[in-house]
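Report on one structure; see the data block that follows.
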Amino acid sequence: MNNEGDTLGRAPFVFLTMSDGLKKSLVIQGSILAMAGLISKVIGFLYRIPMANILGNEGNGLYSVSFGIYNIALTLSSYSMPLAVSKLVSARIARGKYKNSHRIFNIAILFSLITGLIAWMALFWGSKFLAEVYQKPGLEYPLRILAPTTFVVALLGTCRGFFQGHRNMVPTAISQVIEQIVNAIVSIVAAASFVKAIGEIEATQPGLSVFLYDPDTMSVAAAGATGGTLGTFMGALVALILFVLLFMMNEKRIKKEASGDDLPDEDKRLLWKALIVTVFPIIISQSVYQLGYTLDDLIFGNLVVKVQMVSQAETTVMQGIFNTQYNQMINLPAAIATSMASATIPTIVAAFSRKDKMELKRKTDQVFKFTLLIALPAAVGLAVMAEPVMQTLFPRLGDKMDMAVLLLQTGSSAVVFYTMSTISSSVLQGCDRMWTPVFHAAVSLNIHVILLIALLCATDMNVMALIIGNVTFPLITSVMNMVSLCKRAGYSLDWKKTFILPGLAAVVMGAVTFGILCMLKALGTANIIQLVVPIIIAVPVYAAMVFALKAVSLEEAGSLPLIGKFIKRILRLFDRKKGKNKR
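For the sequence shown, the numbering used here gives the first residue as 8, with consecutive numbering after it.
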């Protein structure tokens, strides 16, 4: 029995430790974060629909480009902190070195303060320069809002890492969901308010100049993008306040642990070194992935204007459609697929550690099968349903509707390749090949950049060049990852059951969906009917085909992460009804 005098990490108290049964299960802890991440992604997807319509095409372009730059600043300053702090704190707690764990946390806080402040100042004072480099007048305004966000997120990540280091994912999970809810509300309200305010100023007081507001660069589009980024700042700030309250609620116990009997036997220099050595590889690996997005914005924004002689405003509109309407539809199913599979990754790590090759293959097959069962029909469905999706969700696209539909139809396969690259990277890292997927991503990024530049300089493809690049980048990474899994981990994918049979089921589903969509169009039904009815019919058609082709057994369906229990209950219900009918 735990008593109140036990120290942190050994006694449960508000949000700081978990029950013994929960603490023992890495899979459950991973599932908590996976579920929170999934909920956050869904909220993010939902609020971006009304906000995209508020911002308009040009506003979406400024908003997305500013976030590409912000993500690089975040990666360099603080993205690595949750994982690094969690790893360093948990390692010391496991050895009973509680004082050292608090010292590393204090050092991490100081590190976050420094890097967050540098990122804040660099982004704020460099915003005008970046707007000129990216050929985006008005880009400086959303960047100035995102600048202090890097500081807040740096501290927030360190706090999350501290709790995760105590094997408690609940604070991180709850804070992620709360952060996204606040982000959604503030983003929509602020974007609408800013658009209205600047619209009125332009109509009634043209040329008005006030603090940090230049009428030559501030437009309705820039105002909307600025309002949208305010939600990101407020969401992160509220999440940080939540952690401050948690620390205050547990102040006595935290102090008791920090002043325990164990000796702080690690020199501060060694702790600083440990933090930097842990943070650096994460920064390098994440920078490779994040660079792709902002490099696309930089290359496209300059070459389309200077080589293809397209106006800055039109270029920004195209980037807005690609980064918002297209990417938003691609990212959601990919995020759902990887979130469901991520709970299985710890079991792959465990199998590799035990050198259990049979279990390793079984679990790896399982994780690939789960992701592709979602990614394949999503890719086919998005291609078939591109028109009603865009017309229903983004009616303000106007004369750019055809462009958005074409992008989604031609680029929907990216869903499959992004899920494959993400999962194969995770499996490789789980098999102690930490740098292999990073190297593959770097090679793929170089090929992607060369291809994009060549297409923009040698052809008039403009935004379609981004689609080709967006598909080839994860495709090349996936192929290289799978080759490494075969050569270095001795793994071979069951292509028939994992890819071919689910793919065939998805094609049949797509054909049925297309037929129903054509029929509804012929009847002249509303866009919402054309969107909802085919989806309702497509789901059971795909499920029936998957079981008919024996791509998945009933037992495998029951073991699906997050939804497996729900499927088992349905199967039991059918079994009971069959039993009653026989009687």
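Glycine included, C-beta positions come from ideal geometry on N, C-alpha and C. Since the structure is predicted, the reported quantities are computational estimates derived from the model, not experimental observations.
query, result
"As assigned by DSSP and simplified to three states, the class of Pro384", "helix"
"Stretch pair the region 93-113 + the region 183-198: three plus CB contacts closer than 8 Å", "no"
"Cβ shell of Met526 (< 8 Å), same chain only, five flanking positions each side left out", "none"
"Beta-carbon gap between Val159 and Leu247 smaller than 8 Å", "yes"
"Span of the alpha helix (DSSP H), counted from its first residue to its last, around Phe240", "227-256"
"Residue range of the unbroken alpha helix (DSSP H) whose run includes Ser294", "275-313"
"In chain order, each alpha helix (DSSP H) run of at least 4 residues that lies wholly inside the region 407-485", "408-418, 421-437, 443-465"
"Span of the alpha helix (DSSP H), counted from its first residue to its last, around Ser119", "105-132"
"Own chain, CB closer than 6 Å to Phe131, minus 5 neighbours either side, in chain order", "Arg151, Ala154"
"Phe158 (DSSP reduced to helix, strand or coil)", "helix"
"Residues near Met225 by beta carbon distance below 7 Å, same chain, minus five either side", "Gly145, Tyr148, Ile205"
"Leu492 - DSSP class collapsed to helix/strand/coil", "helix"
"Residue environment, Val438, which counts as buried when at least 16 other CB atoms sit within 10 Å", "One detail in the question is off: residue 438 reads as Cys in this sequence, not Val. Cys438 is buried by the Cβ-count criterion."
"Cβ contact check for the region 414-432 and the region 482-489: 3 or more pairs under 8 Å", "yes"
"Start and end residues, alpha helix (DSSP H) containing Thr536", "It is Ile, not Thr, that sits at residue 536 in the sequence shown. Residues 534-555."
"Rounded separation between Ala558 and Ala465 - CA only", "44 Å"
"Cutoff 6 Å; reference Gly75; Cβ partners in own chain excluding five residues on either side", "Tyr300, Thr301, Asp304"
"Reduced DSSP category for Asp143 - H, G, I as helix; E, B as strand; rest coil", "The sequence shown places Lys at residue 143, rather than the Asp named in the question. In this structure, Lys143 counts as coil in the three-state DSSP scheme."
"Runs of beta strand (DSSP E) lying entirely within the region 159-211, each at least 3 residues, in chain order", "none"
"Where Ala558 sits in the DSSP three-state scheme", "coil"
"C-alpha distance - Met255 paired with Val245, whole-angstrom precision", "15 Å"
"Proximal residues to Gly28 (C-beta, below 8 Å), its chain only, five neighbours per side dropped", "Residue placement at Gly28 is poorly supported in this model, since its pLDDT is 46, which falls under 50; the coordinates are not used for a value here."
"Cα-Cα separation, Leu473 to Ile283", "36 Å"
"Nearest candidate by alpha-carbon position, reference Leu95, set Gly531, Ala161, Lys370, Arg174", "Arg174"
"Spatial distance of Phe170 from Gly242 (CA atoms)", "19 Å"
"Distance between beta carbons of Gln332 and Ala59, contact taken as under 8 Å", "7 Å"
"Three-state secondary structure (DSSP) of Tyr86", "coil"
"Beta-carbon proximity check, Ala545 vs Gly388, cutoff 8 Å", "yes"
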